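**Student:**
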Amino acid sequence: MPSLTRDEARQRAQLITVTRMEVDLDLDRGAEHFSSTTRIRFSCSTPGAQTFLDLRAVSVEAIELNGTRIEPGAVVDGRLPLEGLAADNTVEVTATMAFSRDGQGLHRSTDPADGEDYVYGHLFLDAAPTVFACFDQPNLKAPYAVTVRAPEEWVVLGNGRAAQTGAGEWELSETLPLATYFVTVCAGPYVSVHDEHDGIPLGIHARRSLQGELERHAPQMFEVTKQSFDHYHRTFDVRYPFGDYDQVFVPEFNAGAMENPGCVTFRDPMLFRGAATREQVLQRSNTIAHEMAHMWFGDLVTMRWWDDLWLNESFAEFMAYTATSRATEFTDSWVEFGIVRKQWGYAAERAPSTHPVAGSPAPDAQSALANFDGISYAKGASVLRQLVAHIGEEAFNAGVTAYLRSHAHGNGELSEFLAAMEQAAGVELDAWSKAWLETAGVDVLALDREGTLRRTTPDEHPADRPHALDVAGFSEGSEVFRTTFTLDRDEAEVDGVDTGAALLLPNAGDLTWAQVDLDESTLAALPRELPLVEDATPRTVLWGGVLTGVYRATVDPRVALDVFTSVWPREPHDALMARVAMAFTDRIVPQFLPEAVADEARSRIADAALTAFDAADPGSDRALVAARVLAATTTDEDRLGAWVSGRSLPEGLEGDTDFRWAVVQTMARLGLADDALLADAEAADTTLSGRLAGLSARAARPGADEKAWAWSEITTNRERSNYELNALATGLWSSGSVDDLRPYAGRYVTDIPRLAEWVGADALDRVATLAFPSRVVEPETVSLVRGALGREDVPWGVRRSMADELSKLEEALASRSRWS
Ligand SMILES: [Zn+2]
Numbered sequence: 023m024p025s026l027t028r029d030e031a032r033q034r035a036q037l038i039t040v041t042r043m044e045v046d047l048d049l050d051r052g053a054e055h056f057s058s059t060t061r062i063r064f065s066c067s068t069p070g071a072q073t074f075l076d077l078r079a080v081s082v083e084a085i086e087l088n089g090t091r092i093e094p095g096a097v098v099d100g101r102l103p104l105e106g107l108a109a110d111n112t113v114e115v116t117a118t119m120a121f122s123r124d125g126q127g128l129h130r131s132t133d134p135a136d137g138e139d140y141v142y143g144h145l146f147l148d149a150a151p152t153v154f155a156c157f158d159q160p161n162l163k164a165p166y167a168v169t170v171r172a173p174e175e176w177v178v179l180g181n182g183r184a185a186q187t188g189a190g191e192w193e194l195s196e197t198l199p200l201a202t203y204f205v206t207v208c209a210g211p212y213v214s215v216h217d218e219h220d221g222i223p224l225g226i227h228a229r230r231s232l233q234g235e236l237e238r239h240a241p242q243m244f245e246v247t248k249q250s251f252d253h254y255h256r257t258f259d260v261r262y263p264f265g266d267y268d269q270v271f272v273p274e275f276n277a278g279a280m281e282n283p284g285c286v287t288f289r290d291p292m293l294f295r296g297a298a299t300r301e302q303v304l305q306r307s308n309t310i311a312h313e314m315a316h317m318w319f320g321d322l323v324t325m326r327w328w329d330d331l332w333l334n335e336s337f338a339e340f341m342a343y344t345a346t347s348r349a350t351e352f353t354d355s356w357v358e359f360g361i362v363r364k365q366w367g368y369a370a371e372r373a374p375s376t377h378p379v380a381g382s383p384a385p386d387a388q389s390a391l392a393n394f395d396g397i398s399y400a401k402g403a404s405v406l407r408q409l410v411a412h413i414g415e416e417a418f419n420a421g422v423t424a425y426l427r428s429h430a431h432g433n434g435e436l437s438e439f440l441a442a443m444e445q446a447a448g449v450e451l452d453a454w455s456k457a458w459l460e461t462a463g464v465d466v467l468a469l470d471r472e473g474t475l476r477r478t479t480p481d482e483h484p485a486d487r488p489h490a491l492d493v494a495g496f497s498e499g500s501e502v503f504r505t506t507f508t509l510d511r512d513e514a515e516v517d518g519v520d521t522g523a524a525l526l527l528p529n530a531g532d533l534t535w536a537q538v539d540l541d542e543s544t545l546a547a548l549p550r551e552l553p554l555v556e557d558a559t560p561r562t563v564l565w566g567g568v569l570t571g572v573y574r575a576t577v578d579p580r581v582a583l584d585v586f587t588s589v590w591p592r593e594p595h596d597a598l599m600a601r602v603a604m605a606f607t608d609r610i611v612p613q614f615l616p617e618a619v620a621d622e623a624r625s626r627i628a629d630a631a632l633t634a635f636d637a638a639d640p641g642s643d644r645a646l647v648a649a650r651v652l653a654a655t656t657t658d659e660d661r662l663g664a665w666v667s668g669r670s671l672p673e674g675l676e677g678d679t680d681f682r683w684a685v686v687q688t689m690a691r692l693g694l695a696d697d698a699l700l701a702d703a704e705a706a707d708t709t710l711s712g713r714l715a716g717l718s719a720r721a722a723r724p725g726a727d728e729k730a731w732a733w734s735e736i737t738t739n740r741e742r743s744n745y746e747l748n749a750l751a752t753g754l755w756s757s758g759s760v761d762d763l764r765p766y767a768g769r770y771v772t773d774i775p776r777l778a779e780w781v782g783a784d785a786l787d788r789v790a791t792l793a794f795p796s797r798v799v800e801p802e803t804v805s806l807v808r809g810a811l812g813r814e815d816v817p818w819g820v821r822r823s824m825a826d827e828l829s830k831l832e833e834a835l836a837s838r839s840r841w842s
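With positions in the sequence shown counted from 1, the corresponding number in the numbering used here is that position plus 22.
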């Protein structure tokens, strides 16, 4: 199927205006198919002209344009030509569509816990034509009137308020103008909780088997929703326009969540069934606030074309962290941003696929998907923080309000956003925008012991980025100096630096977008000094400096491990604890350390986890984080055996099914999980989560046969859902010797691209990332993947995933050759 190009979208938007969409869906026709009737009213500025409609159906039953029949065979490659248009037109299409299993379009799955079926619509990015006929591009917005027929015991939800009109008959109230990719319908025996705030009816919904979790978590989620509404109403000075606000937790969702106006969908593992740390709740709160920010940025004002995707994502990311840090209990949410989101973005910047925040070429819709990365989110949000520092918060908010008001219910783009900011601030932003929004690359900042701050810009992406930042020094926990200024050259003497401070830290407030190089004395002092620094923000930058130092081969991974083992057990912030440990267990140990020493490194991490666990208050978040790291790294068979049979469990983890699965995973990796143990674990947890965890554990067993089984399930079993593929790929690469795994480096480049025949791009890009041979850190893997990158038959998104994972593998190779 050809993906819509920007030029085609531009021409079509010049020619037609869609005035109303009527969609009738019949979801009561079995598990495979549903029927879809669409009536589209649209005007045409040049009567007599032609255009085309997007439609990806299993079969087309009838088409009528202005009362004249069109042969269903006229639909070719997902497009229906419409010729001889009048000034005002109606086209009606009746078709049979397929439910999906890959999280795109209308996804349908059976809950293994109770056999109930659930459906949800995820039409992002260009899946709308698999659900109804449409002009599928973000700037042809129209009001939607949707009806749904569903099995009688089902509940139906959607963008407009749902009303039941008969047995199994539902009508959704007509919406404000929506872009095609925002339309959703969720249907199934969903259960609900309701609330109300400031005149806005609120609902949260989940599968019936998650009712307990839903009821337990709803009060916290409602609270964050209400706090965020108040914050956004104050900040934007534009009311939330889309009526009821429903949040639906759906199965096997590819992303974190999707901002469908009035009906946001979330991945349902976020309804934590076991113990959850404060950081996990913070993350979910942040996702709630992120999707709410989209109601204004994205939904009310939509980007004209996908190349301005950053206008949606950077903004939602920036606004969400601002909202959670100011309006909720999570006043420290930027710490999580620093250690999770910025690390993700810096990795994207170091890869050859890096791109500017704004104006990334998206010649067609599909190619835009690849830019949903750490740059569009984390760098974009950091750049907006820089903009606020540059023009002041008052001007920034006034510019946002003006932009939202003047483009409400329509579309906007970079130039219009900047014009609104310039007008509000009374300054010219051309050079600033060129440096920060329109040029790729991340600078490295280093402060030396003479007090000179150096900015190094990557050679491949020359730029002159002004950094609003602060530098600070710390000794024995005290901040001995802090200087705030704008760095606008490659080298500057910083006033007030105490060069004798134990720790010297550029970007101490983590305000700018830059990787930091820690000087040698600072690095050497970390084991003693790091946990003494009281403020979590400079600790975030210090930990970040250690991690990016390893990835950039400027810090020996063994030195980093020494820092970790001595300092991490005393790290006070649970988000830093959890995330730094994850960086070591998931990347630094398996990739950067040679296989011969990786086991020893893992047991040092296990020792550190035990130290942290013993020192933590039983049942506290710290104890929980430490217990999870211990469960993932220990080789203590007695402990694992006790935990898996429910004995001597840490407080708060008694009966915690997810923790039990974590133990089972480790046992599987160590070759301690036989068929009986796995069958037991699966029988004890017949939920969707249980099925996925079971698959992952089976794939995690180290033998050659188990790996062969997992690979064949991933690459040949077309019944596997998106989540099942992810679980299998994760398990496969989590264990086994490099010798046993090596064959799958070759298989990867031949087998994974073929999945495109039955797996949608959004899901496949993730599979291509998770199935990448990241443990085979050898030059031969580089050659294999490089060969694949040049192949025409490898889909664009898969190539992007491959290129990004290859870049990480090359970082590991570079580090190994430098420090071996
Ligand atoms: Zn978003």
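C-beta atoms are modelled at their ideal positions from N, C-alpha and C, and glycine is treated no differently.
All values derive from a computational prediction rather than experimental measurement.
#1: Is there a C-beta anywhere in chain C that falls below 9 Å from the one on PRO103?
#2: Please report the distance separating the alpha-carbon of TRP733 from that of TRP683.
#3: If you follow the beta strand (DSSP E) that ALA403 is in, where does it begin and where does it stop?
#4: To the nearest angstrom, how far is the alpha carbon of VAL410 from that of ALA403?
#5: Just how far apart, CA to CA, sit PHE606 and VAL572?
#6: Quick check on this structure: which residue in THR152, GLY137, GLN72 and ASP50 has the alpha carbon closest to the alpha carbon of ALA79?
#7: ASP48: which of PHE154, LEU104 and TRP332 sits nearest, CA to CA?
#8: Could you spell out where the alpha helix (DSSP H) holding TRP192 opens and where it closes?
#9: Using a Cβ-based criterion (distance less than 8 Å to any ligand heavy atom), does ASN276 qualify as near ligand 1?
#10: Taking 8 Å as the cut-off, is the C-beta of ASN308 nearer than that to any heavy atom in ligand 1?
#11: Following a CB-centred definition, is HIS144 positioned closer than 8 Å to any heavy atom of ligand 1?
#12: Compute the distance between the beta-carbons of PHE496 and ALA524, then report whether it is under 9 Å.
#13: What is the rounded straight-line gap between the Cα of ALA648 and the Cα of PRO795?
#14: First and last residue of the alpha helix (DSSP H) that includes ASP784?
#15: Taking C-alpha atoms, which residue in GLU472, HIS431 and ALA400 lies nearest to TRP458?
#16: With a CB to CB cut of under 7 Å and the five nearest residues on each side skipped, what residues in its chain are close to ALA783?
#17: For the stretch 178-198 and the stretch 233-250, state whether three or more C-beta atom pairs, one from each stretch, are separated by less than 8 Å.
#18: Measure the alpha-carbon distance for ARG808 versus PRO480 and round it to whole angstroms.
#19: Please indicate yes or no: does the CB of GLY499 lie closer than 8 Å to some heavy atom of ligand 1?
#20: Could you check whether the Cβ of ALA442 sits closer than 8 Å to any heavy atom belonging to ligand 1?
#21: Taking 8 Å as the line, does the beta carbon of ASN334 fall inside it for any heavy atom of ligand 1?
#22: Can you tell me the Cα-Cα spacing of LEU87 and PHE64, whole angstroms?
#23: Only counting the same chain, and skipping five residues up and downstream in sequence, which positions put a Cβ closer than 6 Å to that of ALA834?
#24: Given a cut-off of 9 Å on the beta-carbon distance, is the pair ALA485 and THR376 in contact?
#25: CB-CB under 6 Å to LEU92, same chain, minus the five flanking residues each way: which ones, in chain order?
#26: Apply the 10 Å Cβ neighbour rule to ASN282 and answer buried if 16 or more other Cβ atoms are within range, or exposed otherwise.
#27: According to the neighbour-count rule (16 or more other Cβ atoms, all chains shown, within 10 Å of its Cβ), is VAL568 buried or exposed?
#28: Got a sec: does ligand 1 put a non-hydrogen atom nearer than 8 Å to the Cβ of GLY320?
#29: Since LEU9 contacts TRP318 with CB under 8 Å, what's their CB separation in whole angstroms?
#30: Which class does THR688 belong to by DSSP, given the choice of helix, strand or coil?
#31: Please identify the residue among ASP539, ARG626, ASP815 and LEU811 whose C-alpha is closest to the C-alpha of ALA825.
#32: Within the present structure, is the beta-carbon of ALA400 separated from the nearest heavy atom of ligand 1 by less than 8 Å?
#33: Given this structure, state the Cα-to-Cα distance separating ALA558 from ASN529, to the nearest angstrom.
#34: Roughly how many angstroms lie between the CA atoms of VAL804 and ILE361, to the nearest whole one?
#35: Hey, is the stretch 622-636 in contact with the stretch 648-666, meaning 3+ C-beta pairs nearer than 8 Å?
#36: Mark ALA53 as exposed unless 16 or more other C-beta atoms lie within 10 angstroms of its C-beta, in which case mark it buried.
**Tutor:** Based on what the coordinates show:
#1: Within the model displayed, chain C is absent; a lone protein chain is all it includes.
#2: To locate residue 733, count along the sequence shown from 1; it is residue 711. To locate residue 683, count along the sequence shown from 1; it is residue 661. TRP733 and TRP683: Cα-Cα distance of roughly 21 Å.
#3: Here residue 403 refers to the residue found at position 381 when the sequence shown is read from its first residue. Per DSSP, ALA403 belongs to no beta strand (DSSP E); it is in the alpha helix (DSSP H), 402-413.
#4: Taking the first residue of the sequence shown as 1, we reach residue 410 at position 388. Taking the first residue of the sequence shown as 1, we reach residue 403 at position 381. Straight-line Cα distance between these residues: approximately 11 Å.
#5: Position 584 of the sequence shown, counting from 1, holds the residue named residue 606. Position 550 of the sequence shown, counting from 1, holds the residue named residue 572. Each residue's Cα considered, the two are about 10 Å apart.
#6: Indexing the sequence shown from 1 puts residue 79 at position 57. Out of THR152, GLY137, GLN72 and ASP50, THR152 has the C-alpha closest to the C-alpha of ALA79.
#7: The count along the sequence shown starts at 1 and reaches residue 48 at position 26. Looking at the Cα atoms, PHE154 is the closest of the given residues.
#8: Locating residue 192 in the sequence shown gives position 170, counting from the first residue. Here TRP192 belongs to no alpha helix (DSSP H); instead the beta strand (DSSP E) covers 191-194.
#9: Numbered from its first residue, the sequence shown carries residue 276 at position 254. No, the Cβ of ASN276 stays beyond 8 Å of every heavy atom of ligand 1.
#10: Taking the sequence shown and counting its residues from 1, the one referred to as residue 308 is at position 286. False, no ligand heavy atom lies under 8 Å from that Cβ.
#11: Walking along the sequence shown from the start, residue 144 turns up at place 122. No, ligand 1 has no heavy atom inside 8 Å of this Cβ.
#12: Looking up residue 496 in the sequence shown gives position 474. Looking up residue 524 in the sequence shown gives position 502. Yes. Within cutoff.
#13: Translated into positions along the sequence shown, residue 648 becomes position 626. Translated into positions along the sequence shown, residue 795 becomes position 773. Whole-angstrom Cα-Cα distance: 28 Å.
#14: Residue mapping note: residue 784 aligns to position 762 of the sequence shown, counting from 1. Taken as a continuous stretch (DSSP letters only), the alpha helix (DSSP H) holding ASP784 covers 783-792.
#15: Translated into positions along the sequence shown, residue 458 becomes position 436. With distances taken between Cα atoms, TRP458 lies closest to ALA400.
#16: Sequence index remark: in the sequence shown, residue 783 carries index 761 (1-based). Closer than 7 Å at Cβ, skipping near neighbours: GLN388, LEU391, PRO817 and GLY819.
#17: no
#18: Here residue 808 refers to the residue found at position 786 when the sequence shown is read from its first residue. Here residue 480 refers to the residue found at position 458 when the sequence shown is read from its first residue. Cα to Cα, the separation comes out at about 23 Å.
#19: As a first step, residue 499 must be located in the sequence shown, where it is residue number 477. False, no ligand heavy atom lies under 8 Å from that Cβ.
#20: Residue 442 sits at position 420 when you count from the first residue of the sequence shown. It does not: the Cβ of ALA442 is nowhere closer than 8 Å to a heavy atom of ligand 1.
#21: The sequence position of residue 334 within the sequence shown is 312, counting from 1. Within the cutoff, so yes.
#22: On the sequence shown, residue 87 is found 65 positions in, with the first residue counted as 1. On the sequence shown, residue 64 is found 42 positions in, with the first residue counted as 1. Their backbone Cα atoms lie some 11 Å apart in a straight line.
#23: Along the sequence shown, read from residue 1 onward, the residue named residue 834 stands at position 812. Once the five neighbours on either side are set aside, the close Cβ partners of ALA834 are GLN613, PHE614 and VAL799.
#24: Locating residue 485 in the sequence shown gives position 463, counting from the first residue. Locating residue 376 in the sequence shown gives position 354, counting from the first residue. Not closer than 9 Å, so no.
#25: Counting from one through the sequence shown, the residue named residue 92 turns up at place 70. It should be pointed out that residue 92 corresponds to Ile in this sequence rather than to Leu. Counting only Cβ-Cβ distances below 6 Å, and skipping sequence neighbours, we find ILE85.
#26: For the purposes of this step, residue 282 is identified with residue 260 of the sequence shown, where counting begins at 1. Buried, by the Cβ-count rule.
#27: Residue mapping note: residue 568 aligns to position 546 of the sequence shown, counting from 1. Looking at its Cβ environment, which holds 16 or more other Cβ atoms inside 10 Å, VAL568 is buried.
#28: Your numbering for residue 320 matches position 298 in the sequence shown. The answer is yes for GLY320.
#29: Shown here, the chain extends from 23 to 842; a query on residue 9 therefore has no answer.
#30: Counting from one through the sequence shown, the residue named residue 688 turns up at place 666. Helix, per DSSP.
#31: By 1-based counting over the sequence shown, the position of residue 825 is 803. Checking every option, the nearest Cα to that of ALA825 belongs to LEU811.
#32: One-based indexing of the sequence shown puts residue 400 at position 378. Because no heavy atom of ligand 1 lies under 8 Å away, the Cβ of ALA400 does not count as near it: no.
#33: To locate residue 558, count along the sequence shown from 1; it is residue 536. To locate residue 529, count along the sequence shown from 1; it is residue 507. One C-alpha to the other measures close to 13 Å.
#34: As a first step, residue 804 is located in the sequence shown; it is residue number 782 there, counting from the start. As a first step, residue 361 is located in the sequence shown; it is residue number 339 there, counting from the start. Rounded to the nearest angstrom, the two C-alpha atoms are 28 Å apart.
#35: yes
#36: Taking the sequence shown and counting its residues from 1, the one referred to as residue 53 is at position 31. Exposed: under 16 other Cβ atoms inside 10 Å.
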